[in-house]
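Here the structure is laid out as C-alpha cells; the discussion comes afterwards.
2 protein chains.
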Amino acid sequence: MLEFAILGLLQESPMHGYELRKELTAKLGAIRAAISYGSLYPTLRRLQAVGWITEAAETPATAEEVPALTSRRGRVVYKITAEGKERFAQLIAQAGPETYDDTGFGVHFAFFARTDQATRLRILEGRRRKIEERREGLRDVLGRAAERLDAYTLELQRHGLDACEREVRWLEELIANERSGRAPTVPNTGTAGGRREDNSPPPPGETRNERP
Amino acid sequence: MLEFAILGLLQESPMHGYELRKELTAKLGAIRAAISYGSLYPTLRRLQAVGWITEAAETPATAEEVPALTSRRGRVVYKITAEGKERFAQLIAQAGPETYDDTGFGVHFAFFARTDQATRLRILEGRRRKIEERREGLRDVLGRAAERLDAYTLELQRHGLDACEREVRWLEELIANERSGRAPTVPNTGTAGGRREDNSPPPPGETRNERP
DNA sequence: GTGCGATGTATCGGTCCGATACATCGCGGC
DNA sequence: GCCGCGATGTATCGGACCGATACATCGCAC
Numbered sequence: 001m002l003e004f005a006i007l008g009l010l011q012e013s014p015m016h017g018y019e020l021r022k023e024l025t026a027k028l029g030a031i032r033a034a035i036s037y038g039s040l041y042p043t044l045r046r047l048q049a050v051g052w053i054t055e056a057a058e059t060p061a062t063a064e065e066v067p068a069l070t071s072r073r074g075r076v077v078y079k080i081t082a083e084g085k086e087r088f089a090q091l092i093a094q095a096g097p098e099t100y101d102d103t104g105f106g107v108h109f110a111f112f113a114r115t116d117q118a119t120r121l122r123i124l125e126g127r128r129r130k131i132e133e134r135r136e137g138l139r140d141v142l143g144r145a146a147e148r149l150d151a152y153t154l155e156l157q158r159h160g161l162d163a164c165e166r167e168v169r170w171l172e173e174l175i176a177n178e179r180s181g182r183a184p185t186v187p188n189t190g191t192a193g194g195r196r197e198d199n200s201p202p203p204p205g206e207t208r209n210e211r212p
Numbered sequence: 213m214l215e216f217a218i219l220g221l222l223q224e225s226p227m228h229g230y231e232l233r234k235e236l237t238a239k240l241g242a243i244r245a246a247i248s249y250g251s252l253y254p255t256l257r258r259l260q261a262v263g264w265i266t267e268a269a270e271t272p273a274t275a276e277e278v279p280a281l282t283s284r285r286g287r288v289v290y291k292i293t294a295e296g297k298e299r300f301a302q303l304i305a306q307a308g309p310e311t312y313d314d315t316g317f318g319v320h321f322a323f324f325a326r327t328d329q330a331t332r333l334r335i336l337e338g339r340r341r342k343i344e345e346r347r348e349g350l351r352d353v354l355g356r357a358a359e360r361l362d363a364y365t366l367e368l369q370r371h372g373l374d375a376c377e378r379e380v381r382w383l384e385e386l387i388a389n390e391r392s393g394r395a396p397t398v399p400n401t402g403t404a405g406g407r408r409e410d411n412s413p414p415p416p417g418e419t420r421n422e423r424p
C-alpha cells in the first residue's frame with residue numbers, strides 16, 4: 001500500500017520524505033492516520049534499491065547558492081523512474097481482492113485520476129461487494145445473535161451497519177456516474193516532467209446535491 | 213488490542229482459539245475484519261506465559277469418555293486467571309490517547325459493559341475530540357487545498373468528512389445518554405424502553421473498579 | 001469409500017506503527 | 001546577543017498484526 005501511494009505521489013513531482021508524508025496525509029486524511037516514518041523511510045530505501053525511485057540532487061533554486069557552509073545533511077529528494085511508473089501501472093492493473101479492504105480501497109481511490117475507467121469500475125464494484133457482505137454479516141448478528149450481546153455491543157453493530165448502508169449508496173452513485181460519465185483516462189504521462197494541474201476527469205463532483 | 217479483547221472475551225467463558233476468533237469476529241465485526249490466526253495464537257501463548265490465562269482441560273462432558281483412542285490433538289481451551297482479570301481492569305483504567313483511534317476505540321467500546329461509567333465517558337469524549345480534529349483537518353483540505361487535488365481525491369475527502377460529522381453526532385448522543393443515566397440506546401432502537409443493560413459485575417468478587 | 005467443507009492448531013515472512021534519537025532553521029522574547 | 005521552541009528533516013528499533021500456508025480431524029453427502 002505504502003509503495004503504491006509513494007509511486008503515485010512521486011509522479012506528481014519529486015519530493016523528500018517529510019514532504020511526502022505531508023502530501024500523503026493530506027491526500028489520505030479521510031481514510032487513515034498519518035503514516036509513520038518507521039515505515040516511510042525503510043520503504044523509500046527499498047524502492048530505491050529495486051530501482052523504482054532515485055535520489056535527485058536537491059535543486060539549488062538559484063544555482064550558485066549556499067554550498068557547504070556547514071556539512072549540511074541536506075534533504076534527500078526522490079523522483080520516480082520509468083521502471084517505477086511501470087510498476088505503478090502494474091499495481092493498478094493487478095488490483096484484486098486485497099484492494100477492497102478499507103485501506104486498500106481508499107488508497108486506490110485516491111489515485112483514480114491515474115486509473116483507467118475499466119479498472120475504476122472493477123474496484124468500485126469489488127468494494128461494493130465486500131461492503132455488502134459486511135453488511136449482511138452485521139444484519140445476521142443483529143438479527144440472530146442479538147440476545148447474546150450487551151447493549152453497547154449492539155449499538156456498535158448498529159452504527160457499523162448504518163455506515164455500511166451509507167457506503168453502499170455512495171458506491172452506487174459513483175458507479176452510476178462512472179458508467180454514464182465520460183472518463184478521459186488520465187494518461188500515464190511518459191516522461192513528461194512537470195506537474196500538470198490537470199483535473200480533467202469530469203467525475204463525481206457532479207453529485208453535488210448533498211444534504212442541505 | 214488483541215490482548216485486551218481476549219481477556220475481555222474469556223471473562224464471559226473459557227474458549228479455545230477457533231471459538232475465540234469467531235466470537236471476536238461477531239463482537240467486533242462492525243469495526244474490523246476477522247482477526248488473523250497469525251496474531252491470535254502467538255498472543256495466546258504470550259498471555260499464558262505471563263499467567264493471565266491458563267489452559268483448562270477440555271471438559272469431557274460426560275466424564276469417562278474417549279481417552280486416548282488416537283493421540284487426538286484435542287482443542288486447547290483457555291480460561292482467564294485472577295491476574296488476567298486484574299490486567300484487564302488495569303487496561304481499562306489506563307485507557308488513554310491510543311484508545312481513541314478507530315480500532316482502539318471500537319474494541320474498548322465493545323467492552324463498555326465491563327467498564328465503569330466514568331471511564332466510558334472519558335473514552336467517548338476523547339474519541340469525540342479526535343474525530344473533531346480529523347474533521348477540521350478535512351475541512352481545511354477541502355477549503356484551502358481544494359484546487360490542488362483531483363476530483364476523486366476531493367470526493368473521498370467529502371465522504372470522509374460526512375462520516376466524521378455523523379460519528380460526532382453519534383458520540384454526542386451516547387455522551388448525553390451516558391450522563392443522564394440509562395443505557396446506550398440511541399433514539400430509534402427496536403427494543404422498547406431499553407433493555408436492562410445489566411452490567412453483570414464480573415463473577416463474584418474479583419473486580420473492585422465497578423460502579424453501577 | 002471418497003471427496004469436501006467446517007473445525008481446529010500452528011508457523012513464517014513481511015508490512016506498518018509508535019517511540020525515540022538527533023540535527024538544523026527561523027523566530028520571538030528577554 | 002543568545003536562548004528556547006516549534007517546525008523541518010532523516011533515521012532506527014522492537015513489537016503488533018496480517019496473509020499465506022501447512023496439516024490433521026470430523027461429519028456428511030454422493
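From first to last, the protein sequence lines are chains A and B. Residue 1 is where the first sequence starts when you use the working numbering, and the numbers rise one by one after that. Residue 213 is where the second sequence starts when you use the working numbering, and the numbers rise one by one after that. Heads up, the beta-carbon is just placed ideally off N, CA and C, and yes, glycines get one too. Keep in mind the model is a prediction, meaning the values are calculated, not measured.
Please list, in chain order, the chain A residues whose beta carbon lies closer than 8 Å to that of residue i.
i      : result
B:A357 : A26
B:G372 : G29, A30 and I31
Assign residue i to buried or exposed, taking buried as 16 or more other Cβ atoms, counted over all protein chains shown, within 10 Å of its Cβ.
i      : result
B:K234 : exposed
B:Q369 : buried
B:R258 : exposed
B:V353 : buried
A:Y78  : buried
A:G8   : buried
A:R114 : buried
A:E83  : exposed
A:G160 : buried
B:A217 : buried
B:A322 : buried
A:L20  : buried
A:R169 : exposed
B:A207 : Nothing in the structure corresponds to residue 207 of chain B, since chain B is present only between 213 and 424.
A:E155 : buried
B:E276 : Only weak support exists for where B:E276 lies, its pLDDT of 42 falling under 50; the coordinates are left without a value.
A:R148 : exposed
In whole angstroms, what is the alpha-carbon distance linking residue i and residue j?
i      : j      : result
B:M213 : A:S13  : 38 Å
A:L124 : B:E298 : 46 Å
A:Q117 : A:F105 : 15 Å
A:T81  : A:L44  : 13 Å
B:T311 : B:H320 : 7 Å
A:A30  : B:G286 : 46 Å
A:R122 : B:Q306 : 44 Å
B:L222 : A:A151 : 19 Å
A:G17  : A:A26  : 14 Å
B:T266 : B:L236 : 19 Å
A:E136 : B:D374 : 23 Å
A:V50  : A:L91  : 15 Å
B:A358 : A:I175 : 23 Å
A:R179 : A:T103 : 24 Å
A:A33  : B:I343 : 11 Å
A:R166 : A:L138 : 14 Å
A:V76  : A:A56  : 7 Å
A:D101 : A:L28  : 15 Å
B:E215 : B:C376 : 28 Å
A:G38  : A:R120 : 31 Å
A:G96  : A:F112 : 15 Å
A:Y41  : B:N389 : 45 Å
A:R225 : B:I247 : As displayed, chain A neither begins before 1 nor continues past 212, which places residue 225 of chain A out of reach and without an answer.
B:G393 : A:G126 : 43 Å
B:E385 : A:E173 : 29 Å
B:W264 : A:Q48  : 45 Å
Thinking residue i and residue j are a contact (beta carbons under 8 Å), I'd like their distance in whole angstroms, please.
i      : j      : result
B:R340 : B:L383 : 4 Å
For residue i, return the contacting residues in chain B, with the cut-off set at a CB-CB distance below 7 Å.
i      : result
A:T153 : K239 and A322
A:W170 : H371
Taking 8 Å as the cut-off, is the C-beta of residue i nearer than that to any heavy atom in the ligand SAM?
i     : result
A:H16 : Absence of the ligand SAM from the depicted structure is noted, as is the absence of any ligand whatsoever, leaving it without description.
What residues from chain A crowd round residue i, counting only those whose CB sits closer than 7 Å?
i      : result
B:D313 : A33
B:V353 : A26 and G29
Along chain B, which residues have their Cβ under 8 Å away from the Cβ of residue i?
i      : result
A:Q157 : G241 and A242
List, in order along the chain, the chain A residues whose C-beta lies closer than 9 Å to that of residue i?
i      : result
B:G318 : L156 and G160
Show which residues of chain B have a CB atom less than 9 Å away from the CB atom of residue i.
i      : result
A:A163 : A242, A375, R378 and E379
A:L138 : G241 and A242
Report the residue ranges of all alpha helix (DSSP H) runs contained in full by the region 77–111 of chain A; include only those spanning at least 4 residues, in chain order.
82–94 and 102–110
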